[in-house]
Amino acid sequence: MSTRPCRIDLREKVINFIKAGNSQKEASRVFEINKMIINRWYLRYKSQEHFRQKIRLGAKPTIEKESFIQYETDHPKARSEDIAREFSISASGAHYWLRRVVIKKPSPM
């Protein structure tokens, strides 16, 4: 099962097929797409007059990249726990941000 949105040209073909007088069930057979998906596209087309997929925003980062880099350059010997305390995130979250901005920390001995 794929959660990736279908191409816009396929959606357009399906909607035009239904507008031409064919049923959603027939469109499902012709285009080999689930009936519920076609129904969602058609309902969106009727209510919003378009059939584009929803914009997927994703999760917003909890801290700003620039402020993290600035803190790291000001405190080069700060441990993940110190960074976590400063930005109110977990130590593993601080480690993730260190990897994300490609800052290599020496491992503690």
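Residues in the sequence shown are numbered from 3 upward in steps of one, following the numbering used here. By construction, the Cβ of each residue, glycine as well, lies at the ideal position given by its N, Cα and C atoms.
Three-state secondary structure (DSSP) at Ala80? If DSSP states are grouped into helix, strand and coil, Ala80 belongs with coil.
Does the distance from the CB of Trp43 to the CB of Arg13 come in under 8 Å? Taking 8 Å as the Cβ cut-off, Trp43 and Arg13 qualify as a contacting pair.
Cβ neighbours of Gly95 in the same chain (closer than 7 Å, five flanking residues each side left out): Counting only Cβ-Cβ distances below 7 Å, and skipping sequence neighbours, we find Ala86.
Beta-carbon gap between Phe53 and Ile91 smaller than 8 Å: At least 8 Å separates the beta-carbon of Phe53 from that of Ile91.
Buried or exposed, going by whether 16 or more other CB atoms sit within 10 Å of the CB of Ala29? Burial state of Ala29 is buried, judged by a 10 Å Cβ sphere holding 16 or more other Cβ atoms.
Between which two residues does the alpha helix (DSSP H) carrying Gly95 extend? Run containing Gly95: 93–102, per the alpha helix (DSSP H) assignment.
Check for me: the alpha helix (DSSP H) holding Lys62 runs from which residue to which? Where Lys62 is concerned, there is no enclosing alpha helix (DSSP H), given that its DSSP letter is neither H nor E.
Distance between beta carbons of Ser82 and Leu59, contact taken as under 8 Å: At roughly 28 Å, the Cβ-Cβ gap does not stay under 8 Å, so Leu59 and Ser82 are not in contact.
Ordered along the chain, which non-local residues of its own chain (more than five positions away) have a Cβ less than 8 Å from that of Gln26? Exclusion of the five residues before and after Gln26 leaves Ile20, Lys37, Ile40, Asn41, Tyr44 as the residues of its chain whose Cβ lies within less than 8 Å of its Cβ.
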